[in-house]
Structure formats: structure tokens, C-alpha cells
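Colleague: Under our numbering, think of the first position of the sequence shown as 28, with each following residue one higher.
Glycine included, every Cβ here is placed at the ideal spot set by N, Cα and C.
Just so you know, these numbers come straight off a predicted model, no measurement behind them.
Here you go, one structure.
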Amino acid sequence: MEFDVVIVGGGLVGASLAAALKDSGLNLALVEGQSAQFSHEGWDPRIYAITPGNVEFLKQCGSWQRQDMSRVQPVEAMRVFGDDNSELEFSAYEIGAPELTFILENRLMQEALWDTIRDQDNLTMFNPARCASLDLALNTATLRLDDGRELRAKLVVGADGRDSWVRKQAGMDEAPTPYQQHGVVANFRCEKPHRGVAYQWFRPDSILAYLPLPQQQMSMVWSVLPEKSAELLELSSDELCAQVAAAGHHTLGELELVTPPASFALRILRLPHIVKPRLALVGDAAHNVHPLAGQGVNLGFRDARELAQVLLARGPQPDCGDHALLRRYDRARQEDIFSMLTTTDTLKKLFCNADPLLRKVRNLGLSATHQLTPAKRMLARHALI
């Protein structure tokens, strides 16, 4: 079977890339191992903050219009606290924007994207399907599935997540650096209204975030040591609610558990390049970032946006897997990826550190930025991209 582009991985980033190429004239294939069945019961503990720039991208893809907006929470302000009462506050009002970001569930975004691409004329879906081998030759790439089918393409895109099989097969699998932290996530119903405000506390031993959800709920992301993660997962619902409320200084009052806690190991992955002849990486396959800024999936969507733009603007170049063409995508993404990975890595190391001098510096930095309105506006505007 012959294609122009084969996308391996039908998660948020891979599906958005397929949708963005709907009018490209390219013959596409999407390979996804998981069955595309979506439960509508309860709330998804996997919550994402989507920037206004990426909302526009999803609108262009045709998926944002399919969202149940009663499950989407705009964020109008964010309050960040240091560990000595220093504070930094961002407001959409201050920069003349209607909102800073939108909070919504992974499952609902995924379903909207799959509904968008399911009947796409230039897309063939292989789902569920498992990859067996990948051969990157001079003029074509050959992807073999474990049922014996063979897909040939000018370009293979690895969109298969942080433990990317495509990345390994392409020999680009540099070892990630573990943070010795786990991210613990859970959703809670709140006693007090959050009023569309997100909160983050840089604690001496951890980083805690409250992300507002509709129906007076919030999603917690707590980056803690592995032993603390194990402890939190073992707590009863009441004990967990009490600890999370206390860690957030009872900002939203008493909490009631909505979804059970889950955890994942945190790490950073930097690759010198995210392309090679016949291959490009997007999303978590291309980079792993600390969740303290909530920018992992936004980086991935910007990957998909840029790769789609490069392929759509390729002009008379018939070979969408040509290395010179793919290097345009690589160069265009390097600054954004490097900036986000460096910023989050530096903040993590700066705040999760017991050095008293660093403690003084980091809290002075938060307070100073809060007072410098131009600097604060610049940071807030960058977060809208």
C-alpha cells in the first residue's frame, strides 16, 4: 500500500496533524494501536491547558467546534506562589485577552479529533494495528504491521508518545533524564468557587497546581518525590483530600475526590534533531518536558502546526520526505522546544532546591516580576501562542 505520509500514533498530536493535512492533496495513513472507543462516564483525570493559539489551530482542523463547551473551562487569571509568601499573578484582562488558556479533558479532545478525521477523504485508518518494523531507505520508507501488511510512504511521522517506537527504530532514541519526581493527578469538587483562576505553589519539596474545571471542580497536578507519590496513592479519599487542601492553603476550601489519583514519572528529553531523511517526530516522541508550565501538549500541537505548514507550502517539491524539506520543520521548531525545555528545567531545579541562597533569589525573582508590569505582560502573551 502506497502513501505520501504515514502517521504512527493517533493521539492528540498525531490526529491533529492528520486533520491539518485534510486539504493537502497528500495520501495519508494513520496507524494507532488502541481501539477508538471513548467512554462518556465521569471525568478524565488527564487534563490539559490549551493555549488560545492552539485553540485556533484546532478550529482550523475542524475539531474544536465539536467540543462540548460545558466541559471546557476558560482560565482568566493565574496566581503563582513561592515558598516564602512571594507571589506572581497573570491576568487576561491585563493583556487585553479574553482568557489565558482553556482547561479540558484529554478524552473529549481525543474524541473530537477522531470524529473529525474518521471520514477524511485522503486518510486511511489502520486501527487497531501494531507496528512490527520500520525501514528507512533512500527513496521510500517501509512500515510493516504485525499482521503482515506493508505500508510504503515518502514520509513517516512518529507521533507515538514519550516511549516512541518510531524514535527507537530510527536510531534517535537518546536516553531521557529522569527528574526523580512523579506527577500525581486527580480531580476534586471544591467547596469554594475557583472563578476561573489557576493556582500554582512552588513548595520546598514539590510543585502543586490547581487547574479550574467546570461545575466547581479542579484538577490537581502535584510533582513530588517518588516516595511521596506512593504515599499519596495509598491514602484514603478523605486523607488525600485533606492533604491536597492543606498543601493549597485551603484556597478552594474543603475538597471532595471526583477521580482516583494516578501518577507518572517525570523526565526531560532533548534531541539534537527531530528529523532525518523520510522521518519526522512530533509531540512527546520529539521532546519530554516537566509539566509545571502545562506546555507539553501545546508544544506538540505547535509541532503539528509547523509540520503541516511545511508540507502544505512545499511548492513544486513532490517528495514530502526529502531531508532538505524536513529540515525546514526542524529549524522552525528548535527555538520553541529549546526555550520551553530550558525554562521548565531551570524552574524545577531552582525551586526544588534546599539551598537558602537559591531560595532567596527565586522568591525575589517572583516578587520582582510581579512588580514589573511589562515583563509580566510579555510572559503572559507568550503563553497565548
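Is it right to say P343 is buried, meaning 16 or more other beta carbons lie within 10 angstroms of its own, or is it exposed?
Modeller: Your numbering for residue 343 matches position 316 in the sequence shown. Under this definition P343 is an exposed residue.
Colleague: Excluding the five sequence neighbours on either side, which residues of its own chain have a C-beta within less than 8 Å of the C-beta of H300, listed in chain order?
Modeller: As a working mapping, residue 300 is identified with position 273 in the sequence shown. M199 and D357.
Colleague: M367 by DSSP, collapsed to three states: which one?
Modeller: The residue given as residue 367 occupies position 340 in the sequence shown. If DSSP states are grouped into helix, strand and coil, M367 belongs with the helices.
Colleague: I believe S256 touches H209 by the beta-carbon criterion, under 8 Å. Please report the beta-carbon distance rounded to the nearest angstrom.
Modeller: For the purposes of this step, residue 256 is taken as the residue at position 229 of the sequence shown. For the purposes of this step, residue 209 is taken as the residue at position 182 of the sequence shown. Going by Cβ atoms, the distance from S256 to H209 rounds to 4 Å, so yes, they are a contact pair.
Colleague: Quick check: the Cα distance between L339 and R230, rounded to an integer number of angstroms?
Modeller: Stepping through the sequence shown from its first residue, residue 339 is reached at position 312. Stepping through the sequence shown from its first residue, residue 230 is reached at position 203. Their Cα atoms are separated by approximately 45 Å.
Colleague: For A292, I'd like the list of residues in its chain whose CB is within less than 7 Å of its CB, leaving aside the five on either flank, ordered along the chain.
Modeller: Reading the sequence shown from its first residue, position 265 is the one you call residue 292. Closer than 7 Å at Cβ, skipping near neighbours: P205 and H209.
Colleague: To the nearest whole angstrom, what separates the beta carbons of L85 and S51, a pair I think is in contact under 8 Å?
Modeller: On the sequence shown, residue 85 is found 58 positions in, with the first residue counted as 1. On the sequence shown, residue 51 is found 24 positions in, with the first residue counted as 1. Contact flag wrong, Cβ pair sits at about 17 Å.
Colleague: Anyone know if the C-beta pair for Q147 and K49 falls short of 8 Å?
Modeller: Stepping through the sequence shown from its first residue, residue 147 is reached at position 120. Stepping through the sequence shown from its first residue, residue 49 is reached at position 22. Yes, Cβ-Cβ distance for Q147 and K49 is below 8 Å.
Colleague: Rounded to whole angstroms, what is the Cα-Cα separation between H314 and F365?
Modeller: Within the sequence shown, the letter at position 287 stands for residue 314. Within the sequence shown, the letter at position 338 stands for residue 365. Between H314 and F365, the C-alpha separation is close to 10 Å.
Colleague: Helix, strand or coil: which one does DSSP assign to D190?
Modeller: Here the question's residue 190 lines up with position 163 in the sequence shown. Note: D190 maps to coil in three-state DSSP.
Colleague: By how many angstroms is the C-alpha of N166 removed from the C-alpha of D95?
Modeller: The sequence position of residue 95 within the sequence shown is 68, counting from 1. The sequence position of residue 166 within the sequence shown is 139, counting from 1. So the two alpha carbons sit approximately 44 Å from each other.
Colleague: Between the beta-carbon of A213 and the beta-carbon of L284, is there less than 8 Å?
Modeller: Here the question's residue 213 lines up with position 186 in the sequence shown. Here the question's residue 284 lines up with position 257 in the sequence shown. Contact: yes.
Colleague: Would you be able to state if there are at least three C-beta pairs under 8 Å between the segment 321-335 and the segment 65-85?
Modeller: With the cut-off at 8 Å, the segment 65-85 and the segment 321-335 touch.
Colleague: I'd like the list of long-range same chain contacts for L279, defined as Cβ closer than 7 Å, with 5 residues on each side in sequence excluded.
Modeller: For the purposes of this step, residue 279 is taken as residue 252 along the sequence shown, with counting starting at 1. Once the five neighbours on either side are set aside, the close Cβ partners of L279 are C217, E218, K219, H221, Y237 and M245.
Colleague: Which stretch, first to last residue, makes up the beta strand (DSSP E) that contains R294?
Modeller: In the sequence shown, residue 294 corresponds to position 267, counting from 1. Segment L282 to I295, the beta strand (DSSP E) holding R294.
Colleague: Does DSSP classify P203 as helix, strand or coil?
Modeller: Working through the sequence shown from its first residue, we reach residue 203 at position 176. Reduced to three states, the DSSP call for P203 is coil.
Colleague: Report all residues from its chain with a CB closer than 6 Å to the CB of F108; omit the five preceding and five following residues, and keep chain order.
Modeller: Position 81 of the sequence shown, counting from 1, holds the residue named residue 108. The residues are E114 and W228.
Colleague: Once you ignore the five residues that flank M28 on each side, which residues in its own chain have a CB closer than 8 Å to its CB?
Modeller: Counting from 1 along the sequence shown, the entry for residue 28 is found at position 1. Cβ neighbours of M28 beyond the five flanking positions: A56, T151, R176, E177, L178 and R179.
Colleague: Quick check for students: name the residue ranges of the beta strand (DSSP E) that lie wholly in the segment 241-278, counting only runs of 3 or more.
Modeller: Those beta strand (DSSP E) runs which fall completely within the segment 241-278 and span 3+ residues are 244-251.
Colleague: Within the same chain, show all residues whose beta-carbon is closer than 8 Å to that of R134, passing over the 5 residues directly before and after it, in chain order.
Modeller: To locate residue 134, count along the sequence shown from 1; it is residue 107. Result list for R134: F65, S66, D71 and R73, in chain order.
Colleague: Alpha carbon to alpha carbon, how far is F215 from E281?
Modeller: For the purposes of this step, residue 215 is taken as residue 188 along the sequence shown, with counting starting at 1. For the purposes of this step, residue 281 is taken as residue 254 along the sequence shown, with counting starting at 1. Near 10 Å, if we compare the C-alpha coordinates of E281 and F215.
Colleague: So what does DSSP say about N149, is it helix, strand or coil?
Modeller: Here the question's residue 149 lines up with position 122 in the sequence shown. Three-state DSSP puts N149 in coil, outside helix and strand.
Colleague: In angstroms, rounded to a whole number, what distance separates the CA positions of V193 and G327?
Modeller: For the purposes of this step, residue 193 is taken as the residue at position 166 of the sequence shown. For the purposes of this step, residue 327 is taken as the residue at position 300 of the sequence shown. C-alpha separation (whole angstroms): 16 Å.
Colleague: For the segment 155-175 against the segment 110-128, do three or more pairs of beta-carbon atoms, one drawn from each stretch, fall closer than 8 Å, so that the two count as touching?
Modeller: No: fewer than three Cβ pairs fall under 8 Å.
Colleague: So the beta strand (DSSP E) P101 belongs to, where does it begin and stop?
Modeller: Counting from 1 along the sequence shown, the entry for residue 101 is found at position 74. Looking at the DSSP string, the run of the beta strand (DSSP E) that includes P101 is Q100 to V102.
Colleague: Using the Cβ count rule (16 or more neighbours within 10 Å means buried), how would you classify E59?
Modeller: Counted from its first residue, the sequence shown places residue 59 at position 32. Its Cβ being crowded by 16 or more others within 10 Å, E59 is buried.
Colleague: For a test of the three-state rule: what should DSSP assign to L161, helix, strand or coil?
Modeller: As a working note, residue 161 is residue 134 in the sequence shown. Strand at L161.
Colleague: Determine the DSSP secondary structure at P239, reduced to helix, strand or coil.
Modeller: The count along the sequence shown starts at 1 and reaches residue 239 at position 212. Of the three classes helix, strand and coil, the one that applies to P239 here is strand, per DSSP.
Colleague: Going by the beta-carbon positions, is the gap between P456 and G223 smaller than 8 Å?
Modeller: As displayed, the chain neither begins before 28 nor continues past 412, which places residue 456 out of reach and without an answer.
Colleague: Let's see if you can read the secondary structure: which residues bound the alpha helix (DSSP H) around E83?
Modeller: On the sequence shown, position 56 is the one that residue 83 refers to. Where E83 is concerned, the enclosing alpha helix (DSSP H) stretches over P79 to C88.
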